[in-house]
Amino acid sequence: MPADLLFEIGCEEIPAKMLARQLVDVPAFVELRLAAARLEHKGVRALGTPRRLAVIVKQLVDRQPDLHEEVVGPPVSAAFAPDGTLTKAGQGFAAKNGVAPESLQKKQVAGKKGEYVVAVRDVTGQDARALLPNLLSELAASIAWPKSQRWGWSETTFVRPVQWLVAVHGGEVVPLTWAGHTAGRSSRGHRFLSPGPIEIASADSYVEALRGAHVVVDPDARKDLVRAELKRLEGATGLRVRADETLLGEVIHLGEYPVGVSGEFDPAFLEIPEEIIVTSMRTHQRYFAMERPSDGKLANRFATMMATIVKDPTVVQKGNQKVLASRLTDGKFFVSEDRKKKSFDFWNTKLDSVVFQAKLGDKARTIGHKVRRLEKIAAALGTFASLDAAQIELVKQAARVCKADLASLAVGEFPELQGVMGRHYARDFGLPTEVAAAIDEHWWPKGQGAALPITPAGAIIALADRMDTIVGCFAVGLEPSGSADPFGLRRAAIGIWQILLSRPDWSSLWTPLFAASRDALSEQGVTVKEPTAVEEFFRGRLRGILIDGGIPAQDADAALAQDFRDPIDARARALACAKISKEAREVFKRVSNILDDARGKKLAIPDKVDAAKFVADVERNLHAAVADAQTREKAPRASRDYPAVFDSLERLRPTVAAFFDKGGVMVMDPDPALRDNRLALLQWFIEPYLRIADFRLLAGAA
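When you number the sequence shown by my numbering, it's gap-free, plus one each residue, and the end is 2155.
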């Protein structure tokens, strides 16, 4: 009968981020392995703590189903010689599928021409108990970790040295040995609170058995426990824990039994930028910041999680406070020293010796060179964005100092605060508020779904910075390949599209942005030899954005095949493709094929239609209908109301269909004058629609 399967790998401490990733990836991985083994089940769930990774398979069958299958092989002509004997290809096919050569059958196969050799296989299903030892061993060995280890004399690799194995199916131990350990039903409790062995009777009792041994193995339950502990600390301090889902998602994987503790730091540290304090706590120490409920301002307290219950929490509290005080002292010193500079000039000078990309050459390789390019690109882009002279001057001023804080002591210690510290220092140095904001915002968006630049200056410099990086890397052969993208060019391109999509008035800025970037690099001796490669790269990134937004792939492809440079227009065209009926798609396909065939024969299609050459009513009717359609579609096209354009097309479609149906005309008429005029008529009809999408790429086109 079906029963639950438990497989637990106990090991030394798994890094939190690696554990979090596997808890997401392992279930799908296990499902693939079980499907390959023909073992049916009702679902897979991954559980884990830093000291263990486990999977529970619900209602795993105790036996494979019997298999009857027909395997299609090579054509009969390839499998059999003229004298009826098997060729080497036929013999190899029989051997590969484990059937006797004389049992091979000859059959017609759907979708294929001629007869094919077919091997009929009847395979008796095996017991799950016979399959699971190898399956689980191979599963454990195949889990992909960013980094793995070997230990002792074994060649086995895993994220950390394996300490024990538990494998139980339906209450019975699965007999397997892997990584030097034989599986049993003995797990282990909390290292300090319940260090002894814990006997697991079945998969059903696993979670509760470990909970009794101070191990919260369910990550969702651990998250609930951490939330409850944070609430307890809020009640004890009268403060509010600042919401931080990212930190919460990491903290739950730092221990097996989280217990909250709070601490405080010297209020004098509140004088330094808040981001320094919060970064010191969350990034370096995994502490939660606490704030005053009345106004949301940062308080001089923090909350964190211990991985165990201790007799005297104040000992842990004091240790945490001491470590944080040391970090904040360093941060305060760095900020104090930075503020003594009084301007960005000192740091900008240092940027002339900081290499951005060595392959760009001596005239373009440093961040200082990049800053000078950004000023030119941003100024040009500001003009195309219709900014006034004062706004453009602010953009240029912000571009000149947007990278200066990279040379500061604070950013050297806290690199994640690039831009943030520049904003603070710009205010300290008396620069305009718009300039200070742009320094910070030009790094936005910092990831998928992150905030976009708010100010025009910030958005323009963000566009210029990303395009300069992309174009420069492509110019020197550093474009992404496969999954490798060491310079983050895909992320940069997506950022450009996100910014342009968020600003309808700027949707046409891609072309001048690309041109300005190439010009700025050219002035420093860097030439883009294959600009089309950059264009195709951007087309691909926009395609991904459209598909992620719910647009079918074929609709995105059809729209982007015509043009991609205006992302808002491209999105509107792609969305409208869903309005095109199957019948209209078939008409477009037929017309496109006729025109493509004519061009392939080197026929010169006239630019204009000559109505005087019409000899049939269907020609005159189509000419009049197309003229009417183009008139009524002018306003919708101007306003990007492409669904209205396709509604108009639907009214036109029957007339186009009649042109080809019985009673219509032969387009490729023997008379060249009639033929060419009919080709011109079809081209006149289809060209305005092809500016919306390449309908040959749409699903449903015959």
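Using N, Cα and C, we set each Cβ at its ideal position, and we do this for glycine too.
Three-state secondary structure (DSSP) at A2154?
Residue placement at A2154 is flagged as unreliable, the pLDDT there being 45, under the threshold of 50; the coordinate-derived value follows with that caveat. Residue state, collapsed to three classes: coil.
Out of L1589, S1530 and V1525, state which residue places its alpha-carbon closest to the alpha-carbon of G1564.
When only C-alpha atoms are compared, the closest one is V1525.
Here's a check: name, in chain order, each residue in its chain whose Cβ is nearer than 7 Å to the Cβ of P1885, leaving out the five neighbours to either side.
Counting only Cβ-Cβ distances below 7 Å, and skipping sequence neighbours, we find L1847.
Which of helix, strand or coil does DSSP assign to Q1517?
Here Q1517 sits in coil by DSSP.
Can you tell which of A1879, A1756, A1917 and P1939 has its C-alpha closest to the C-alpha of K1684?
Nearest option by C-alpha distance: A1756.
E1983 versus E1866, I1923 and F1940, residue with shortest Cα-Cα distance:
Relative to E1983, the option among E1866, I1923 and F1940 whose CA is nearest is I1923.
Report all residues from its chain with a CB closer than 7 Å to the CB of I1725; omit the five preceding and five following residues, and keep chain order.
For I1725, the CB contacts under 7 Å within the same chain, skipping 5 residues up- and downstream, are G1784, K1785 and V1788 in chain order.
Could you name the residues of the same chain whose beta carbon sits closer than 7 Å to that of Q1544, not counting the 5 residues immediately before and after it, in chain order?
If the five residues before and after Q1544 are omitted, its C-beta is found closer than 7 Å to the C-beta atoms of P1554, all from its own chain and listed in chain order.
Exposed or buried, what is Q2179 when buried is set at 16 or more other beta-carbons lying within 10 Å of its beta-carbon?
Outside the shown range of the chain (1454 to 2155) lies residue 2179, about which nothing can therefore be said.
Restricting to Cα atoms, I'd like to know which of K1823, M1734 and A1857 is closest to T1782.
The option with the nearest alpha carbon to T1782 is M1734.
Anticipated Cβ contact below 8 Å, L1751 with P1711, distance rounded
For L1751 against P1711, the beta-carbon gap comes to about 24 Å, at or over 8 Å, which does not count as contact.
With burial defined as no fewer than 16 other Cβ atoms inside 10 Å of the residue's Cβ, what is the status of A2154: buried or exposed?
Low per-residue confidence applies at A2154: pLDDT is 45, beneath 50, and the placement is therefore not dependable enough to give any value.
Please report the distance separating the alpha-carbon of D2156 from that of K1560.
Residue 2156 lies beyond the stretch modelled for the chain, which goes from 1454 to 2155, so this question has no answer here.
With distances taken Cα to Cα, identify the nearest neighbour of L1692 among S1747, A1654, E1682 and R1680.
Selected option, being the one with the closest Cα: S1747.
Note down the Cα distance separating L1707 from K1794, rounded to an integer number of angstroms.
If I take the Cα positions, the gap works out to 41 Å.
Collapsed DSSP secondary structure at E1461 in the structure displayed
Here E1461 carries a strand assignment [DSSP, helix/strand/coil].
Count the other CB atoms within 10 Å of the CB of S1936; is the residue buried (16 or more) or exposed (fewer)?
Result: exposed.
Buried versus exposed, by CB contacts within 10 Å (16 or more), K1899:
Exposed.
Three-state secondary structure (DSSP) of K1676
Under the three-state reduction of DSSP, K1676 is assigned to helix.
L2075 versus D2114: straight-line alpha-carbon distance, rounded:
When rounded, the distance between both Cα atoms is 13 Å.
Buried or exposed for D1918, going by 16 or more other Cβ atoms inside 10 Å?
Result: buried.
Please identify the residue among V1483, G1501 and R1994 whose C-alpha is closest to the C-alpha of K1451.
In the structure displayed, the chain extends from 1454 to 2155; residue 1451 sits before or after that span and is not available.
Inter-residue spacing [alpha-carbon to alpha-carbon] between R1880 and I1651:
One alpha carbon belongs to R1880, the other to I1651, and they sit about 60 Å apart.
Tell me the rounded alpha-carbon separation between L1813 and V1929.
About 7 Å.
Measuring CB to CB, does V1570 end up less than 8 Å from V1529?
Yes, the pair counts as a contact, with Cβ atoms nearer than the cut-off.
When burial is assigned at 16 or more other CB atoms within 10 Å of the CB, is F1718 buried or exposed?
Buried is the call here.
Could you pull the DSSP bridge partners for D1575 from this structure?
Answer is H1521.
Nearest residue (CA-CA) to E1568, options K2032, D2129, D2050 and A1531:
Comparing Cα-Cα distances from E1568 to each of K2032, D2129, D2050 and A1531, the minimum goes to A1531.
Going by Cα to Cα distance, which pick from F1533, H1521 and G1537 is closest to N1550?
The candidate whose alpha carbon is nearest that of N1550 is H1521.
What are the start and end residues of each continuous beta strand (DSSP E) run of 3 or more residues lying completely inside the stretch 1610–1668, in chain order?
Under the rule that a run must span 3 or more residues, the beta strand (DSSP E) segments found entirely inside the stretch 1610–1668 read 1615–1622, 1639–1641 and 1650–1652.
Boundaries (first-last residue) of the beta strand (DSSP E) holding T1716
Note that residue 1716 is Gly in the sequence shown here, rather than Thr. Here the beta strand (DSSP E) through G1716 covers V1712 to E1717.
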